[in-house]
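S.K.: Each number in the working numbering comes from the position in the sequence shown (counting from 1) with 11 added on.
Cβ coordinates follow ideal geometry from the N, Cα and C atoms, glycine included.
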Amino acid sequence: MDQVGSILERPKLYYNIDGVGELGGGFTMLGFALLMWLQAHSPSGAIWHQMYAFVVYMVVMFSIIHYGTKAIKNHITYPRTGFVEYRKRDRVRPGIMAALVAPLALVGLFVARRYHWDITAAMPLFGLLLAASYAWGFARAVRWKWVVVCAMTLVSSVIAFLPASSFEALADDSSVTHPVRTKLVGAFLLYLMVYGTVLLISGGISLWLYLRHTQAPAQEGQ
Numbered sequence: 012m013d014q015v016g017s018i019l020e021r022p023k024l025y026y027n028i029d030g031v032g033e034l035g036g037g038f039t040m041l042g043f044a045l046l047m048w049l050q051a052h053s054p055s056g057a058i059w060h061q062m063y064a065f066v067v068y069m070v071v072m073f074s075i076i077h078y079g080t081k082a083i084k085n086h087i088t089y090p091r092t093g094f095v096e097y098r099k100r101d102r103v104r105p106g107i108m109a110a111l112v113a114p115l116a117l118v119g120l121f122v123a124r125r126y127h128w129d130i131t132a133a134m135p136l137f138g139l140l141l142a143a144s145y146a147w148g149f150a151r152a153v154r155w156k157w158v159v160v161c162a163m164t165l166v167s168s169v170i171a172f173l174p175a176s177s178f179e180a181l182a183d184d185s186s187v188t189h190p191v192r193t194k195l196v197g198a199f200l201l202y203l204m205v206y207g208t209v210l211l212i213s214g215g216i217s218l219w220l221y222l223r224h225t226q227a228p229a230q231e232g233q
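(1) Considering only C-alpha positions, which residue in the set G36, Y202, I76 is nearest to S168?
(2) Do V159 and Y145 count as a contact pair if the criterion is CB distance below 8 Å?
(3) Identify, in the order they occur along the chain, each residue of the same chain with its Cβ nearer than 7 Å to the Cβ of M40, setting aside the five sequence neighbours on each side.
(4) Return the chain-ordered ranges of every alpha helix (DSSP H) run that is complete within the segment 67-94 and spans a minimum of 4 residues.
(5) Using beta-carbon positions only, say whether T80 and V31 come within less than 8 Å of one another.
(6) Do F38 and I83 have their C-beta atoms within less than 8 Å of each other?
(7) At which residues does the alpha helix (DSSP H) containing L46 begin and terminate?
(8) Rounded to the nearest angstrom, how far is the Cβ of F178 from that of A198, given a contact under 8 Å?
(9) With DSSP collapsed to three states, give me the class of V153.
(10) Looking at the structure shown, is A162 part of a helix, part of a strand, or coil, going by DSSP?
(11) So what does DSSP say about V28, is it helix, strand or coil?
(12) In three-state DSSP terms, what is L181?
(13) Determine the contact status of L200 and L173, defining contact as a CB-CB distance below 8 Å.
(14) For the candidate residues L195, P90, L46, whose alpha-carbon lies nearest to that of L222?
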């Protein structure tokens, strides 16, 4: 039964064999961090606070992620190790989870900022949740990625004990006037930047190892 379960899990684990899953996740986090930084360091009437700018930004960012990962798969991965057809259930489940979790997280952040709720004490839980998600999605398939899980867990602990001034340096300007709001935005920005960078590094290492250990088949007639 364990062997059958392992075979059924292979298509999902194969998706990140070249690191594209981590690269996409890291790019997404850094993209959100950049948008939040632009909003925190610009006047309230700036373009970054407009809904149409947010929509355009999201469309551009996710288009880059979608077509970028697709290009890596089509031009690098599939020519080397073949094409994998994912079952509909495997494709839909992550999308449903993201569609449910992402809006809830954004709504929670918006409400906390609006009413100046100090939820920064709970921010380490956000980091630990990301570490647990990484462990379930990536580390269980590749042993060395447990080092990344440990690094994420350590980062969550370190950020939890940083002084408030560390967060204010990231989001301290005229558009973020309340100290609790500043601290919340700064803490969230720090998590996105650090975790996004970690994912890009881990994904880059995975891609380098994949290219090093796999070769495209020789063309016929050569």
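M.R.: In brief:
(1) Y202
(2) yes
(3) L203, Y206, G207, L210
(4) 89-92
(5) yes
(6) no
(7) 31-51
(8) 5 Å
(9) coil
(10) helix
(11) Sequence inspection shows Ile at residue 28; the Val mentioned does not correspond to that position. It is coil, neither helix nor strand.
(12) coil
(13) no
(14) P90
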